[in-house]
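*Asks:*
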Amino acid sequence: MTAHTPPTPPFRDPQLPFAKRIDDLLSRLTPEEKVSFLHQFAPAVERLGIAAFRTGQEALHGVAWMGPATVFPQAVGLGATWNTDLVRRIGEAVSKEVRAMRARDERVGLNVWSPTVNLLRHPLWGRNEEGYSEDPRLTSAIATAYTHGLRGDHPTYWRTAPVLKHWLAHNNETGRDVTSSSVRPRVLHEYDLRAFRGCVEAGAVAGVMPAYNLVNGRPNHVSPFLREHLRAWTDEELLVCSDAGAPSNLVDSEHYFDTHEEATAAALVAGVDSFTDHGTDSSKIVARVEGALERGLLSEADVDAAVRRQLSVRFRLGEFDPHYDPHAGTGEFDSPAHRTLAGEAAEQAIVLLRNDGVLPLAPDTRIAVVGLLADECKLDWYSGTLLHRSTPLEGLYERFGAERVEFAEGVDRVLLKTSAGTFLKVPTAPEATDEVRGAEGALDPALLAGRTDLPPLTTDATGTELALVDWGEGVLTLRAPDGRYLSVAEGGYLRASADQPGGWVVQETFRLVPQADADGNTHGYGHGNGHLLLHLGTGRPVCVAADGVRVAGPDEENHEVDTVVEVVVVESGEDAVTRVTAGADVVVVVAGNDPHINGRETEDRTTLRLPAHQERLLAAARAADARTVLALVSAYPYAIEPGPLSAVLWTAHGGQAAGTALARVLAGDVSPAGRLPQTWYADDADLPDLLDYDVIGSRQTYLYFEGAALFPFGHGLSYASFSYADLAVRVEDGRARVSCTVTNTGDMTADEVAQLYTRAVDPSVTRPHRELLDHRRVTLAPGARAELSFDVPLSAFAFWDVAQGRWRLESGPYDLLVGASSTDVRLWTTVTLEGEPPVPRPVRRRGLDAVDFDEQSGVEIVDRTKVSGDAVTPVSGGTGELVYRSCDFGTDGGTKGVTVTASGAGTVELFLDGGPVLATLTVAAPTPGPYDYVTVDAALTAEGVRDLRIGLRGPLRLAHVGFSG
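If you're matching positions, the sequence shown starts at 1 in this note's numbering and goes up one per residue.
1. Should Val859 be flagged as near chain C, meaning a C-beta pair shorter than 8 Å?
2. Judging by CA-CA distance, which residue of Glu787, Arg841, Val831, Phe196 is the nearest neighbour of Arg735?
3. Quick one: what does DSSP say Lys417 is sitting in, helix, strand or coil?
4. Note down the Cα distance separating Glu130 from Val76, rounded to an integer number of angstroms.
5. Provide the residue(s) that pair with Gln57 in DSSP beta bridges, ordered along the chain.
6. For a test of the three-state rule: what should DSSP assign to Thr901, helix, strand or coil?
7. For the beta strand (DSSP E) containing Asp791, list its first residue and its last residue.
8. Quick one: give me the first and last residue of the alpha helix (DSSP H) that Phe315 is part of.
9. Check whether the region 565-581 and the region 362-377 touch, using three or more Cβ-Cβ pairs below 8 Å as the test.
10. Go to Phe18, then tell me how far its alpha helix (DSSP H) extends in each direction, as first and last residue.
11. Can the beta-carbon of Leu415 be found closer than 8 Å to that of Val568?
12. Give me whichever residues DSSP pairs with Arg579 in a beta bridge.
13. Excluding the 5 residues flanking Glu836 on each side, which residues of the same chain have their C-beta closer than 6 Å to its C-beta?
14. Just mark Arg730 as buried or exposed, buried being the case when its beta carbon has 16 or more other beta carbons within 10 Å.
15. Please confirm whether Leu471 and Asp594 have their CB atoms less than 8 Å apart.
16. Could you tell me whether the region 242-255 touches the region 164-178, where touching means 3 or more Cβ pairs closer than 8 Å?
17. Nearest to Ser903 by CA position, among Pro838, Glu771, Leu952, Arg627, is which residue?
18. Label Gln40 either buried or exposed according to how many other C-beta atoms from any shown protein chain fall within 10 Å of its C-beta, with 16 as the threshold for buried.
19. Going by DSSP, what residue range makes up the beta strand (DSSP E) through Met209?
20. For Ser764, which of Ala624, Phe799, Ala141 has the nearest alpha-carbon?
21. Measure the Cβ-Cβ separation of Ala673 and Glu752 and say whether it is below 8 Å.
22. Do you know offhand how far Thr972's Cα is from Arg316's?
23. Would you identify the three-state DSSP class for Thr891, choosing helix, strand or coil?
24. Taking a contact to mean a Cβ-Cβ separation below 8 Å, would you say Leu772 touches Leu138 in this structure?
25. Compute the beta-carbon to beta-carbon distance between Val289 and Val35, rounded to the nearest angstrom, for a pair I have assumed lies under 8 Å.
26. Could you spell out the range, first to last residue, of the alpha helix (DSSP H) harbouring Thr969?
27. Can you give the Cα-Cα distance for Leu120 and Thr745, rounded to whole angstroms?
28. Please check the pair Ile950 and Asn216, which I expect to be a contact at CB under 8 Å, by giving their CB distance rounded to whole angstroms.
29. So which of Tyr324, Pro611, Gly655, Lys165 has the shortest CA-CA distance to Arg389?
30. For Gln614, does the three-state DSSP call read helix, strand or coil?
31. Would you call the region 150-165 and the region 86-95 in contact, with 3 or more CB pairs under 8 Å?
32. For a quick check, are the C-beta atoms of Phe853 and Tyr884 less than 8 Å apart?
33. Residues in its own chain within less than 6 Å of Val45 by CB, not counting five upstream and five downstream?
34. Using the beta-carbon count (16 or more within 10 Å), is Gly805 buried or exposed?
35. Looking only at C-alpha atoms, which of Ser572, Leu666, Ala202 sits nearest to Leu396?
36. Return the CA-CA distance between His170 and Tyr212, expressed in angstroms with no decimal places.
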């Protein structure tokens, strides 16, 4: 007999469209198998030959969490390059490393959770390092370039499938899973959605990840915006992956739903397709979905829709067509090209903020390099493990010669003395391996344990000199002479065991808590005795016990063990700086942050100021008889006093080539051309509250800020000079075509970043002072000229008209400004655009949705229902005011009555044009719940087009105001 080969099922047929193949596969999966696909770790279906699949591979600026990989500059540094071609090439390199790493480690996933397109609205946000810019168009342009690189150029098959983070209006770590971002319609459309929309419409995005926070009172994981906006922007299937633990937060911390079945069903219906919860254990999510199906909260069609979106991504990644996948076997890892690219990116990310002519440094300059970041190559939470490492000190040694460079880190070198008169001692550990945290890779690095193979600290009569750094707010690190940081691991013993501070809960930070002396006085460290050395990771003081130095148990703080230490300063950081700067021509101070301390995921900053320790080092450097160059290496802006400094540079943590790049810029081997992707403010007083998301009302970012910036958006200097000329504008076919020329008038080849802005000259509503439309980064040799053209759709000049609930291009004059930054304008002209005239609000016909205000004070936006819609309420149940401009109350007898739809309890007062109260409506008895609305009527006489003011008092939610003739 002849054996018959079973027919190839349609889902395996590469000649069929993906949609038909997915239909076929869905029909073959059992209901139980489909439900199992909804967890991040989808199991294999062996009977169909389908492999296991997981969503999520971090790759923000290189492959993260999976061991060694090429490390590029932080995302904010990539934003500072303003170079979309460079960022696209970086995305391509990262995707090739993902493929190469997956070929040897199946834990590496192809569904890449990157980039982060949250706007850098507020510089104190702990995750500032992850975003590209405060401007939505620049963010969208850089993110689109990165996703195109990650996706690859093949029309059918993707090299990796990028997912954008974090949808939506997410800029605070403080209470991030319980706070609500109040986002008015104009801010929603003109600011927060814009960054996401450009990427999605460009066609290189596989999906998005909702953020932990709530927007307008509703968790992002059940947001109707996923359906109303995100999925309306493209015909492609988009995969929505929850953030880790966020599905459970809907019940456990947010208390938005009573049961996990309700919460899971609501998220699935809203558009979440893959649930990242409980690590690799899918059983809880599966049980919740099954429970929701049994209760009728979900249908099989809801499950099918989510599974379809996941399968769409898997098909595009070539999983079901291994012989046709053009990316199979094309991985590239740590290649010379990738190393060169990392160096190019690090150079292009450097921003020269100030220069009195000291830079570039002459070849024979005697340099003192000082500072806590001078000999560091810091990594952040979303970095891979370094394959190569270059610090600023190493770069300067290599470029200028070690004989011309002196170095002082500027740490305080201290001994820690116990109340018994002994000193903390780091014992020798000659057989310890040189282990680096994360080198082995981990699906969840938060679970990486600290080292316990090294001996705990002890005490003796001489002790060990430790390097103490105060990173601000009293947060300290202590480092042993061999370079390892004091850390606490399982068992609670203090060991010199960490290569760097790190981990989800950092175990390498401490605080010295002064203890009162006999007179009740307390003393700063180094000036008296009696301190608790508090270990911040455990919240327990360090104690000396018979078996070694460890953190005290809960019953040991005040007795049984010695918890009091005295800090004996052997050499202060300032003295070390003074010692090495004596013979220098130039002092290079390398200051900045450690990305795991005081500003990171889970922790916002509290100030723009440099930590006091680094201010002291900077002051000591300035006191030397030398010119001072400040190189800031940081994940975010600082407020500094640039006046006494000869030069100031900034770069984000620049990855594996950071030090070489900085040295080449200082030496003039390459001219700096990075540009600030966000405003640098002069003082904390310039900042709004971190939780104030109304960029229009509170005048945030360069778009609306009314103060004087320390350094403006788009700022960055060069070693060359450039002239701009020949500005021309043509408005035709729904587009503004702008052109100009840029000429290098300097004496070295350099890049220039030409920036095109607009502003409405006579707007009817508050519009940006200026707004980026486009930009170009060009390389020009001395004397060379480039002709630049910008093709801008007229829709880019529109704003969201709350009166009409849509975009509107307003007729009138618009300035077009071309220059080297948002304030350094070289060319300027005005064009008159034909658009639509303003139309009064037809309030008698449509009434007013309360959220569609023009101005507000003391009000926040909340959810009208758990499913959709917005309402407004006074902050903390106090008082608030809303303003609605140009309300048409009619002329044929006008308006005679008003009806408000509200819940809760409180009072609504209506005024016209700042006049007296015309109507007062009271919801006297509290409604049963926040979503139980009642209507209240009152007489109101109004006629013509008037401005309406509404005052709110008490804990009520106002949803709608209606008017009758």
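C-beta: ideal position from N, C-alpha, C; glycine also.
*Replies:* For this structure:
1. No chain C is present in this structure, which holds just one protein chain.
2. Val831
3. Of the three classes helix, strand and coil, the one that applies to Lys417 here is strand, per DSSP.
4. 6 Å
5. Val112
6. strand
7. Taken as a continuous stretch (DSSP letters only), the beta strand (DSSP E) holding Asp791 covers 785-793.
8. 300-316
9. The region 565-581, when compared against the region 362-377, does touch it at the 8 Å Cβ threshold.
10. 18-28
11. yes
12. Bridge partners of Arg579: none, in fact.
13. Arg808
14. For Arg730, the number of other beta carbons within 10 angstroms of its own is below 16, and it is reported as exposed.
15. A small correction: the amino acid at residue 471 is Trp; Leu does not occupy that position in the sequence shown. Yes; because the gap between Cβ atoms is below 8 Å, this pair is in contact.
16. Touching, per the Cβ criterion.
17. Leu952
18. buried
19. Counting along the chain, the beta strand (DSSP E) containing Met209 begins and ends at 207-210.
20. Phe799
21. Here Ala673 is near Glu752, since their CB atoms are less than 8 Å apart.
22. Residue 972 falls outside the range modelled here, since the chain spans only 1 to 965, and no answer is possible.
23. In the structure shown, Thr891 falls within a coil segment according to DSSP collapsed to helix, strand and coil.
24. yes
25. Going by Cβ atoms, the distance from Val289 to Val35 rounds to 5 Å, so yes, they are a contact pair.
26. This structure does not reach residue 969, given that the chain is present from 1 up to 965, and the question cannot be answered.
27. 34 Å
28. Actually they are not in contact, since the Cβ atoms of Ile950 and Asn216 sit about 18 Å apart, beyond 8 Å.
29. Gly655
30. Per DSSP, reduced to three states, the secondary structure at Gln614 is helical.
31. yes
32. yes
33. Glu33
34. Gly805 should be labelled exposed.
35. Leu666
36. Rounded to whole angstroms, His170 to Tyr212 spans 8 Å at the Cα level.
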